[in-house]
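There are 2 protein chains.
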Amino acid sequence: MGLRIFKGLETDNAYLELKTSLANNESVIIVGDCEVEYYGRASSTLTRGERVVMIKQDGSILVHRPEGYEPVNWQPPGCLFKVDSLNGLLKIVATRLSPHEVLTISFHKVYVMVCGRLYDKGIFSMHASEDEMKEAIRLNPSLIEEGLRILTSEKDLGEAGYADFVGEDSKGNFVVIEIKREVAGEEEVLQLARYVNEAKQRVNRPVRGVLVAPSLRRRGQVLLEQLKLEFKALTPESCKRFLKKVPRLSLLEFME
Amino acid sequence: MGLRIFKGLETDNAYLELKTSLANNESVIIVGDCEVEYYGRASSTLTRGERVVMIKQDGSILVHRPEGYEPVNWQPPGCLFKVDSLNGLLKIVATRLSPHEVLTISFHKVYVMVCGRLYDKGIFSMHASEDEMKEAIRLNPSLIEEGLRILTSEKDLGEAGYADFVGEDSKGNFVVIEIKREVAGEEEVLQLARYVNEAKQRVNRPVRGVLVAPSLRRRGQVLLEQLKLEFKALTPESCKRFLKKVPRLSLLEFME
DNA sequence: GCCTAGGTCCCGTGT
DNA sequence: ACACGGGGCCTAGGC
């Protein structure tokens, strides 16, 4: 690791180092006293204060205040950087082309600057998402109801969108299934209703619609009853527990 | 500024410094080689790689890979930290109480560590959001239609939620107005429909519903027609241009 | 480019 | 605590 670390740099020296770093596509962290302006979909100003600015190798940039999860200002990956040194200020202009947005950071003081390429080939894997619920249901449709058979996943229903699953119940009814990892509401019921209506026009037999989620909000319950749809409570945790018990294909194999 | 900066610390020394920093409620930035685990609403693992970890004064923590706008793992403000040094590893455990979630970061190597309190009393101000559209419309309802009068803003419509505005047109009809800063869709039409239905039960005269947004998606258009609601195209930019021309009260004065 | 759908979304606000 | 609405949301996938 060849990180270059600078303490208490004058802004004009910081400018030179930063220019080199950006030319070499390095990551840069700057801690210092700055002000920030943004113009684009919205616009904002932030007066002077001490912050952490992170520039990443993919052309993203974040301005972090000493509190809060979110960056106060930022630019997503792929933006263009221009740096300048004038009147004792280190100026960083990060421009995004589409939509056209400009972020300008002006450092009055640079306390610390860390420059260097970071090597990260680590593998990130996530679990207990909607995908895991889908896999569990595919392997064991009786998690939703006894006798259910899954026919297709991610069924294209044209204008209506994509149903998570379509299947068939023990009585031969067509079943459209929409799965949510979290508590569902009106929006999710409406989504299912679209799929069911579309399916009714395509299938020459009774069509049921089942919303699968950990729970359903009051408004969603009202709409669900009006539209004569059904709800089945199921949590990602219970799906995960089920998957643990079953020797199974990997998610990747499932996807192909 | 009294930032403490450490290069190439052994993990056990990093542990001691980090413990002191957290006890003093300082911000900490660590650049190093680490692995990460998360368990909570979902769960994830991330194998070894070089990353930037930021701990903030409000108890939030972010793990940033060298690419991407978003942190790969994180914990929002208010979490509890526990640090440990064992087997040559610096271990940081950040726990959130509700929902119960645990983030564990294990550093194999610490390249740089920066510790210190940051002072940021800067003032952040945002413009051209939905609020600015509302203010422009309030000052000049004819941006929506000639002869419109605004009666109240944020009218409480009980179960149905809050309409952005209610007003009265030149023919004495009651008008419910929903404003969106961005392209609107089905969801926004549905929201307006709720407000209109609620208003109809409360007002003893014809009720119109107008959705105001830069544009309306196809699906939204269909639903809008079905529900006999109306759409008026208006962009935040045009509202901003209007506001610039008018000497006006501040947003704060408007809010009271 | 637009549109759809999801997220450990986060965040404020109100009940 | 839950629910609802908003965000410069961001991100990924399809067309």
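Quick mapping for you: the protein sequence lines, in order, are chains F and W. When we follow the numbering used here, the leftmost residue of the first sequence carries the number 1, and every step to the right adds one. When we follow the numbering used here, the leftmost residue of the second sequence carries the number 1001, and every step to the right adds one. Each residue gets a CB set at the ideal place from its N, CA and C atoms; glycine is no exception.
Which residue from the options puts its Cα closest to that of residue i?
| i | options | result |
| --- | --- | --- |
| Lys-244 (chain F) | F:Ala-136, F:Lys-228 and F:Lys-155 | F:Ala-136 |
| Thr-47 (chain F) | F:Glu-37, F:Ile-55 and F:Arg-41 | F:Glu-37 |
| Tyr-1195 (chain W) | W:Ser-1215, W:His-1100 and W:Phe-1174 | W:Phe-1174 |
| Asn-1140 (chain W) | W:Gly-1167, W:Arg-1219 and W:Leu-1216 | W:Gly-1167 |
| Ser-43 (chain F) | F:Glu-130, F:Tyr-119 and F:His-100 | F:His-100 |
| Val-31 (chain F) | F:Asn-25, F:Val-222, F:Thr-11 and F:Leu-22 | F:Thr-11 |
| Phe-1124 (chain W) | F:Thr-45, F:Gln-57 and F:Arg-65 | F:Thr-45 |
| Asp-153 (chain F) | F:Leu-143, F:Ile-177 and F:Ser-142 | Asp is not the amino acid found at residue 153 (chain F); the sequence shown has Ser there. The candidate whose alpha carbon is nearest that of Ser-153 (chain F) is F:Ile-177. |
| Leu-9 (chain F) | F:Gly-158, F:Ser-85 and F:Arg-138 | F:Ser-85 |
| His-127 (chain F) | F:Asn-13, F:Lys-7, F:Ser-238 and F:Arg-4 | F:Ser-238 |
| Asp-33 (chain F) | F:Ser-106, F:Gln-191, F:Ala-193 and F:Arg-96 | F:Ser-106 |
| Asn-1087 (chain W) | W:Lys-1109, W:Pro-1206 and W:Lys-1200 | W:Lys-1109 |
| Gly-1220 (chain W) | W:Lys-1240, W:Leu-1192, W:Glu-1198 and W:Thr-1235 | W:Leu-1192 |
| Glu-1188 (chain W) | W:Thr-1095, W:Leu-1224, W:Thr-1020 and W:Pro-1206 | W:Leu-1224 |
Flag residue i as yes if its beta-carbon sits less than 8 Å from any beta-carbon of chain F, otherwise no.
| i | result |
| --- | --- |
| Ile-1187 (chain W) | In the sequence as displayed, the identity of residue 1187 (chain W) is Glu instead of Ile. At least one chain F Cβ lies under 8 Å of Glu-1187 (chain W). |
| Ala-1042 (chain W) | yes |
| Glu-1010 (chain W) | no |
| Met-1126 (chain W) | yes |
| Thr-1020 (chain W) | no |
| Ile-1123 (chain W) | yes |
| Leu-1046 (chain W) | yes |
| Ser-1027 (chain W) | yes |
| Ser-1250 (chain W) | For Ser-1250 (chain W), the predicted model reports a pLDDT of 46, less than 50, meaning its position is unreliable; a value from the coordinates is still stated below. No, no contact with chain F. |
| Ser-1238 (chain W) | no |
| Glu-1256 (chain W) | Model confidence at Glu-1256 (chain W) stands at a pLDDT of 36, short of 50, so the residue's coordinates are unreliable and nothing is read from them. |
Quick one: does residue i have its CB under 8 Å from some CB of chain W?
| i | result |
| --- | --- |
| Gln-57 (chain F) | yes |
| Glu-253 (chain F) | Note that Glu-253 (chain F) scores a pLDDT of 43, beneath 50, so its modelled location is shaky; the value from the coordinates is reported in the next line. For Glu-253 (chain F), the answer is no, since every Cβ of chain W falls outside 8 Å of its Cβ. |
| Ser-129 (chain F) | yes |
| Leu-90 (chain F) | no |
| Leu-211 (chain F) | no |
| Val-72 (chain F) | yes |
Can you name the residues of chain F whose CB is closer than 7 Å to the CB of residue i?
| i | result |
| --- | --- |
| Leu-1003 (chain W) | Val-31, Tyr-111 and Val-112 |
| His-1064 (chain W) | Met-54 |
| Phe-1007 (chain W) | Here the sequence assigns Lys to residue 1007 (chain W), which means Phe is not the residue at that position. Residues of chain F passing the Cβ test: Ile-5. |
Which residues in chain W have a C-beta closer than 8 Å to the C-beta of residue i? List them in chain order.
| i | result |
| --- | --- |
| Glu-50 (chain F) | Met-1001, Leu-1118, Tyr-1119 and Asp-1120 |
Which two residues bound the contiguous alpha helix (DSSP H) that contains residue i?
| i | result |
| --- | --- |
| Cys-1239 (chain W) | 1236-1245 |
| Tyr-1195 (chain W) | 1186-1202 |
| Glu-130 (chain F) | 130-139 |
| Asp-1012 (chain W) | 1011-1023 |
| Gly-1220 (chain W) | 1218-1226 |
Run the proximity test for residue i: is its beta-carbon closer than 7 Å to any non-hydrogen atom belonging to the ligand SAM?
| i | result |
| --- | --- |
| Val-63 (chain F) | With respect to the ligand SAM, the structure shown offers nothing to examine, as it has no ligands at all. |
Using a Cβ cut-off of 8 Å, pull out every chain F residue sitting near residue i, in sequence order please.
| i | result |
| --- | --- |
| Gly-1068 (chain W) | Lys-56, Asp-58, Ser-60 and Pro-77 |
| Lys-1232 (chain W) | Here the premise fails: no neighbours, minimum Cβ distance about 21 Å. |
What residue range is occupied by the uninterrupted beta strand (DSSP E) comprising residue i?
| i | result |
| --- | --- |
| Ile-150 (chain F) | 149-156 |
| Gly-1116 (chain W) | 1101-1116 |
| Gln-1057 (chain W) | From DSSP, Gln-1057 (chain W) is part of no beta strand (DSSP E); its letter is neither H nor E. |
| Glu-182 (chain F) | Element bounds for Glu-182 (chain F): n/a, residue is neither H nor E. |
| Gly-1209 (chain W) | 1207-1213 |
| Leu-1090 (chain W) | 1089-1096 |
| Leu-86 (chain F) | 80-86 |
| Glu-67 (chain F) | Premise fails: Glu-67 (chain F) is in no beta strand (DSSP E) and is neither H nor E. |
| Ala-160 (chain F) | Note, Ala-160 (chain F): premise wrong, no beta strand (DSSP E); not H, not E. |
| Ile-1030 (chain W) | 1027-1039 |
| Glu-230 (chain F) | 230-233 |
Please state if the CB of residue j and the CB of residue i are separated by a distance shorter than 8 Å.
| i | j | result |
| --- | --- | --- |
| Val-1210 (chain W) | Glu-1230 (chain W) | yes |
| Met-273 (chain F) | Glu-17 (chain F) | A query on residue 273 (chain F) cannot be resolved here, the shown segment of chain F reaching from 1 to 256 and no further. |
| Ser-1027 (chain W) | Gly-1122 (chain W) | no |
| Ala-213 (chain F) | Glu-182 (chain F) | yes |
| Val-1063 (chain W) | Met-54 (chain F) | no |
| Lys-155 (chain F) | Ala-163 (chain F) | yes |
| Pro-71 (chain F) | Leu-1118 (chain W) | no |
| Lys-232 (chain F) | Glu-145 (chain F) | yes |
| Asp-1169 (chain W) | Gly-1185 (chain W) | no |
| Phe-83 (chain F) | Tyr-15 (chain F) | Checking the sequence, you will find Val at residue 83 (chain F) rather than Phe. A contact, by the Cβ cut-off of 8 Å. |
| Ser-68 (chain F) | Ser-1098 (chain W) | Correcting the residue type first, residue 68 (chain F) is Gly in the shown sequence and not Ser. No. |
| Asp-120 (chain F) | Gly-1002 (chain W) | no |
| Leu-1190 (chain W) | Leu-190 (chain F) | yes |
| Leu-143 (chain F) | Leu-234 (chain F) | yes |
In chain W, which residues lie less than 7 Å from residue i when you measure between Cβ atoms?
| i | result |
| --- | --- |
| Leu-243 (chain F) | Those do not exist, as Leu-243 (chain F) stays about 12 Å from chain W at its closest Cβ, beyond 7 Å. |
Who are the neighbours of residue i on chain W, taking C-beta pairs under 9 Å?
| i | result |
| --- | --- |
| Leu-190 (chain F) | Glu-1186, Glu-1187 and Leu-1190 |
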